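At position 14 of the sequence shown (counting the first as 1) the number is 843 in this note's numbering, and the numbers step up by one without a gap.
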Amino acid sequence: MSEFYINWTTQVRKGVLELAILNTLSGGPLYGYDIVRRLGDVDSLVITEGTVYPILSRLKNEEHIESYIEESSAGPPRKYYRLTPRGREELRRMNQHWEQLHNALGALRKERKR
Numbered sequence: 830m831s832e833f834y835i836n837w838t839t840q841v842r843k844g845v846l847e848l849a850i851l852n853t854l855s856g857g858p859l860y861g862y863d864i865v866r867r868l869g870d871v872d873s874l875v876i877t878e879g880t881v882y883p884i885l886s887r888l889k890n891e892e893h894i895e896s897y898i899e900e901s902s903a904g905p906p907r908k909y910y911r912l913t914p915r916g917r918e919e920l921r922r923m924n925q926h927w928e929q930l931h932n933a934l935g936a937l938r939k940e941r942k943r
């Protein structure tokens, strides 16, 4: 793989991590490690705790998510994250924009094949 390709895929991945985290939380509250684990299961995201927690902090500062502490029977209390109403609205817009980009790129690829 070329250095250009590696850099490009890194930038694309960074650009969609917020969207991926918000979509992950759209199913309901999750604690930090569970978010990391779920996103880590997606091969092309290549994500670590060191990447997720700063994004969670930024999303919280923007009031797209909120957090709360809940006791755990499996160990220490866990910090859970959930979407706020504002976050749900942003996610709706972001998903809509993503779909538009996807469709536009698909159209360009079809044009090229003609």
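C-beta: ideal position from N, C-alpha, C; glycine also.
Remember, predicted model here, so these are calculated numbers, not experimental data.
If I follow the unbroken beta strand (DSSP E) through GLY904, where does it start and stop? Looking at the DSSP string, the run of the beta strand (DSSP E) that includes GLY904 is 904-912.
Which class does ILE876 belong to by DSSP, given the choice of helix, strand or coil? Coil at ILE876, not helix or strand.
Provide the residue(s) that pair with ILE898 in DSSP beta bridges, ordered along the chain. Answer by DSSP bridge pairing, in chain order: LYS908.
Per the contact definition of three or more C-beta pairs closer than 8 Å, is the stretch 905-919 in contact with the stretch 847-855? Yes, the stretch 847-855 touches the stretch 905-919.
Quick check on the burial criterion: 16 or more other C-beta atoms within 10 angstroms. Buried or exposed for HIS893? The residue is buried, with at least 16 neighbouring Cβ atoms inside 10 Å.
Select from ARG941, HIS926, THR838 the residue whose C-alpha is nearest the C-alpha of VAL875. Selected option, being the one with the closest Cα: THR838.
First through last residue of the alpha helix (DSSP H) which encompasses VAL845: Element bounds for VAL845: 832-854.
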